[in-house]
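If you're matching positions, the sequence shown starts at 5 in my numbering and goes up one per residue.
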Amino acid sequence: VEAYTAPIAVVLLVLGLVAMHQYRELSTTYALGAGLAVAFIPSLWGVLEEPASTRALVWGAVAALVLGAGLFLKWLAPVLAGAAALVVVLLANVGPIFMDLDRWIIFGVLGATLLAIGIRWEQNVVDGKALLMKLAHLR
5 VEAYTAPIAV VLLVLGLVAM HQYRELSTTY ALGAGLAVAF IPSLWGVLEE
55 PASTRALVWG AVAALVLGAG LFLKWLAPVL AGAAALVVVL LANVGPIFMD
105 LDRWIIFGVL GATLLAIGIR WEQNVVDGKA LLMKLAHLR
């Protein structure tokens, strides 16, 4: 979270929370989406340029807090924003290591992963439908 965008993000998030309080049917995606975007997107390039920096650590910690708050409150927008930010930090840190491996190791790991996904697919369809129903009921 950049210092110059933090006040704007806080104002947008407070306005979104007020709107959610006034209009109970308002989705968190509409109410909080702009504030979360202003909070996370400006720091994205700095995190990608130096994934092992203090900025990336703070960005990941804030993303984890936002994700946790979204899960606790059962709000969709913080869950999506926090999860997306954590995936970016993870890929920025693990991606270069993954690309340094020999190609046959990468293909072997990907093949084994796809095989495991295929084997468990039928069992996970029921769980996936239950998860989608839970996500659909998030505010």
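We put the CB at the ideal spot given by N, CA and C, even for glycine.
All values reported here derive from a predicted model rather than from experimental measurement.
Requested in this report: Please classify Val-93: is it buried, with 16 or more other beta-carbons within 10 angstroms of its beta-carbon, or exposed?
Outcome: buried
Report task. Could you spell out where the alpha helix (DSSP H) holding Asp-131 opens and where it closes? Result -> 107-140
Query raised in the report: Is Gly-37 closer than 8 Å to Ala-81 when the C-beta atoms are compared?
Result: With contacts defined as CB atoms closer than 8 Å, Ala-81 and Gly-37 qualify as a contacting pair.
Query raised in the report: Are at least three pairs of beta-carbons, each pair with one atom in the segment 67-81 and one in the segment 30-50, less than 8 Å apart?
Result: yes
Requested in this report: Measure the alpha-carbon distance for Gly-132 versus Val-42 and round it to whole angstroms.
Outcome: 31 Å
Query - Buried versus exposed call for Gly-74 [16 or more other C-beta atoms within 10 Å across all chains shown] - result: buried
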